[in-house]
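**Student:**
Take a look at the structure:
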């Protein structure tokens, strides 16, 4: 069975390493914070000016002056720090934030990502995504493998305006975990419980490498 | 009689306008702070990270962590603020510091200044001087008109390595006040008490414009 | 000797604003926006302006109020997703829009204030943001040249300010305010609390007063929350 | 969840320093210099190093100690006027020296930490600092292209720090420390007071802990004053 959004977040959480500073995008990536394994210390960066972002506040304790990049009210962990937007992106551009997890509309074989614009239809802006994908050492994408019409979003070439090129390292979809190979193309790493390799192959338009037995994710 | 250093500082102090942020170089310029006329509010910037620098501390109240750009112990005025070197030079380069007063070894007809190096003999470094002269709207130089050998330091062309080009607006020396003309050359504005126009002319190697009666400075 | 930057109210603070000018406005979403200055721009019906602001408010608050009245000719922003009227005006061509990466926006404002006319950044390389911009490789990685931004007026909002113009922001209401304060030819700061010079700790000021030309105590802050998210106790 | 960056002492903090490396050292004159790290570099006789520091200390303190032992191969500084041994080594050619404008030095360190590989500045145009550098006009004014600086280790000194690496500096001891903290591959912070994460006000931190890899409580600070200037009471 395909993963739900929570499971995608759970699976991505296993990629987070002890001591990392992590930026979580809006949507599924935000959920990753809930599933960091015990013993793994990470600090979450919110590009509007927080390092050490904590969970949502208790009701009645919301502070309009303390929000995350998704404009949600949040709290601070012990040791947190607040700063301006230039300092925030100095952290990002300077590769001090080691891991970026974000959503995508499309990813291509060479790791290009499109997630900010559908020409003539939807233009929300790129926000901090272009800085993030141009900078972080490791970029993991959380996304659906195909759109509602069943068309693959894991492509040979992106069709939508790009957010960044040659940057995505790993993709976790509702069907599979894929690595983006340095030489281009996707490599199947794991499959969702009960999802066959054939199913994933069919849902992937870009070149897919399958080597040996592909393990099933365990939750 | 030629001005002494204190009088040069006193004369320069009359150029300071109400509401200006001012950077004072080491030496004579530092003394300018003592002669700001009543009713003129200015704030002194020290490029190592102070805005609103005050006088020297009382004995016993020196703080090793609070010095000016000349490495002298200082104090803070009410409303002062402390910051890092990048912010300090953002203020300078961004032309928020409106007036820079500094010393010079040579100034040329087109407002070039040399004050940081004597090849093979003296190399102290430029410190913040190159940023200051490249940036401030108004740059006033405090200097001796001639060196100890009697050679003019107000020149057609500088002979020493430059600190900045086309930047000095006004010079106050022991003999005179000179403007640097936009088209190049010096214009005699005032003379030191008892110093003749002829004397100044002889001590000035660069092109000197003298129009009408040249008033004597009054102290 | 401290400067005295206080003006009586928002009307005086906005002296000199004119149609067709370029404004910078601090804030991220509705957090840390100069509510009083925006209200006054609406009241005066200043129009044909270019607004540099990370977001464009929501339909009925923040810069959305100016959009609603068609006072804005051009927006320079990074994310405008919370504003339907914005999207409508943009897609119909009524509104000029320059969307730029958030980090580049912040750095371009800082550069404008810091006398850095241009700098290289990797953000946006290979995307439409890079169109028409110089590309140069550093350490084997392509970067694009981005230029400084400045404004006729910068409107910023701080938590505390003193009479010399020194500012302290609260939490994430800081965001773009410090860089925009640097980049305004005239920077107008509205603050929740205004104290005499000397009362703020000189070591703990976020925006030095040199960047602020006018300061006033703002009134009636609404501080609307866009996404009120909470967790259950226990 | 806060990171834990504390190391026991300066010996551990300097784990991995090697001959021939590039170091950044905070401080302006002798104000805010990492006294403990410098003492340890002297003790270990680490040599052939490049030091990026605004000044070079005085003959018998600060970086002057390393100069005296000929441990420094190259200095990148803006002002070295208080050090006779420095001037001697430089004029005799024993020491390579790159003198750069103070503002460019600060900005180049910040750029190194902020992922900005290069930027334009007017400082130094028309002087020997501009030799070999690209010149470009912006708004009718010539600027030169300056590149980012980074270091294998950055040694900074703060007043207070917490276990997560967050730092607060005191007065003008801040100077170059924050930018150098950003630009070190490994940044070592020595502090006068070390407190648990959570004790410093998150709104009042000068260097976020993300820029600091190791932190320790320094000992025996001398804090020498170069120019003790006072005025008379009365």
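Residue numbers (the numbering used here), protein chains in the order written: chain A, 11 to 229; chain B, 11 to 229; chain C, 19 to 252; chain D, 19 to 252.
From the three backbone atoms N, C-alpha and C, an ideal C-beta is built for every residue, glycine too.
#1: CA-CA distance, residue 69 of chain A and residue 146 of chain C?
#2: Under the DSSP definition of a beta bridge, which residues are partnered with residue 245 of chain C?
#3: Just to make sure I have the definition right: I need the residues of chain E whose C-beta is within less than 8 Å of the C-beta of residue 51 of chain A. Which are they?
#4: Leaving out the 5 sequence neighbours to the left and right, which residues in its chain are closer than 6 Å to residue 189 of chain A when beta-carbon positions are compared?
#5: DSSP state of residue 93 of chain A, grouped into three classes?
#6: Could you have a look at residue 212 of chain B and say whether DSSP puts it in helix, strand or coil?
#7: Among the candidates A/39, A/135 and A/20, whose CA atom is the shortest distance from the CA of residue 171 of chain A?
#8: Taking residue 221 of chain D as the query, report the chain A residues whose CB atoms sit under 8 Å from its CB, ordered along the chain.
#9: Evaluate residue 178 of chain B with the Cβ neighbour count: other Cβ atoms within 10 Å of its Cβ, from every protein chain shown; 16 or more gives buried, anything less gives exposed.
#10: Answer with buried or exposed for residue 237 of chain C, where buried requires no fewer than 16 other C-beta atoms within 10 angstroms of its C-beta.
#11: Using DSSP's beta-bridge definition, name the partner residues of residue 179 of chain D.
#12: Quick check on residue 229 of chain A: does DSSP put it in helix, strand or coil?
#13: Against chain A, does residue 180 of chain D count as a neighbour if the rule is that its beta carbon must be under 9 Å from one of theirs?
#14: Comparing the C-beta of residue 45 of chain B with each C-beta of chain C, is any distance below 9 Å?
#15: Tell me which same chain residues have a C-beta within less than 8 Å of the C-beta of residue 60 of chain C, skipping the five on either side of it?
#16: Apart from the five residues on each side of it in sequence, which residues of its chain come closer than 6 Å, Cβ to Cβ, to residue 64 of chain A?
#17: Three-state secondary structure (DSSP) at residue 160 of chain D?
#18: Spell out whether any CB of chain D is found under 9 Å from the CB atom of residue 118 of chain B.
#19: For residue 77 of chain A versus residue 127 of chain C, is the C-beta spacing smaller than 9 Å?
#20: Determine the burial state of residue 192 of chain A: buried for a count of at least 16 other Cβ atoms within 10 Å of its Cβ, exposed for fewer.
#21: Can you pull the chain B residues whose beta carbon is under 9 Å from the beta carbon of residue 37 of chain D, in chain order?
#22: Three-state secondary structure (DSSP) at residue 24 of chain C?
#23: Let's test the definition: count the other Cβ atoms within 10 Å of the Cβ of residue 132 of chain D and tell me whether it reaches 16, buried, or not, exposed.
#24: For residue 80 of chain A, is the beta carbon positioned less than 8 Å from some heavy atom of the ligand ADP?
#25: Express the C-alpha separation of residue 98 of chain B and residue 82 of chain A in angstroms, rounding to a whole number.
#26: Note down the Cα distance separating residue 161 of chain A from residue 182 of chain D, rounded to an integer number of angstroms.
#27: Keeping to the same chain, check which residues put their C-beta closer than 6 Å to that of residue 80 of chain A; ignore five residues upstream and five downstream.
#28: Hey, how far is the Cα of residue 210 of chain A from the Cα of residue 12 of chain A?
#29: Please check if any C-beta of chain A sits within less than 9 Å of the C-beta of residue 204 of chain D.
#30: For a contact defined as C-beta to C-beta under 9 Å, what are the partners of residue 156 of chain B on chain C?
#31: Indicate whether at least one CB of chain D lies closer than 9 Å to the CB of residue 187 of chain C.
#32: For a test of the three-state rule: what should DSSP assign to residue 20 of chain A, helix, strand or coil?
#33: Where does the unbroken alpha helix (DSSP H) through residue 127 of chain D begin, and where does it stop?
#34: Per DSSP, what kind of secondary structure is residue 76 of chain C in: helix, strand or coil?
#35: Are any of the Cβ atoms in chain C nearer than 9 Å to that of residue 7 of chain D?
#36: Give the DSSP bridge partners of residue 67 of chain D, in chain order.
**Tutor:** According to the structure shown:
#1: 42 Å
#2: A/82
#3: Note that chain E does not occur in the displayed structure, where the protein chains are A, B, C and D.
#4: 180, 197 and 199
#5: coil
#6: helix
#7: A/135
#8: 92
#9: buried
#10: exposed
#11: D/185 and D/212
#12: coil
#13: yes
#14: no
#15: 83, 84, 87 and 89
#16: 85, 86 and 87
#17: strand
#18: no
#19: no
#20: exposed
#21: Within 9 Å Cβ-Cβ: nothing; residue 37 of chain D doesn't reach chain B, min ~26 Å.
#22: strand
#23: buried
#24: For the ligand ADP, the structure offers nothing, since it holds no ligand at all.
#25: 35 Å
#26: 46 Å
#27: 36
#28: 10 Å
#29: no
#30: Those do not exist, as residue 156 of chain B stays about 35 Å from chain C at its closest Cβ, beyond 9 Å.
#31: yes
#32: helix
#33: 120–132
#34: strand
#35: The question about residue 7 of chain D has no answer, for chain D in this structure spans 19 to 252.
#36: D/90
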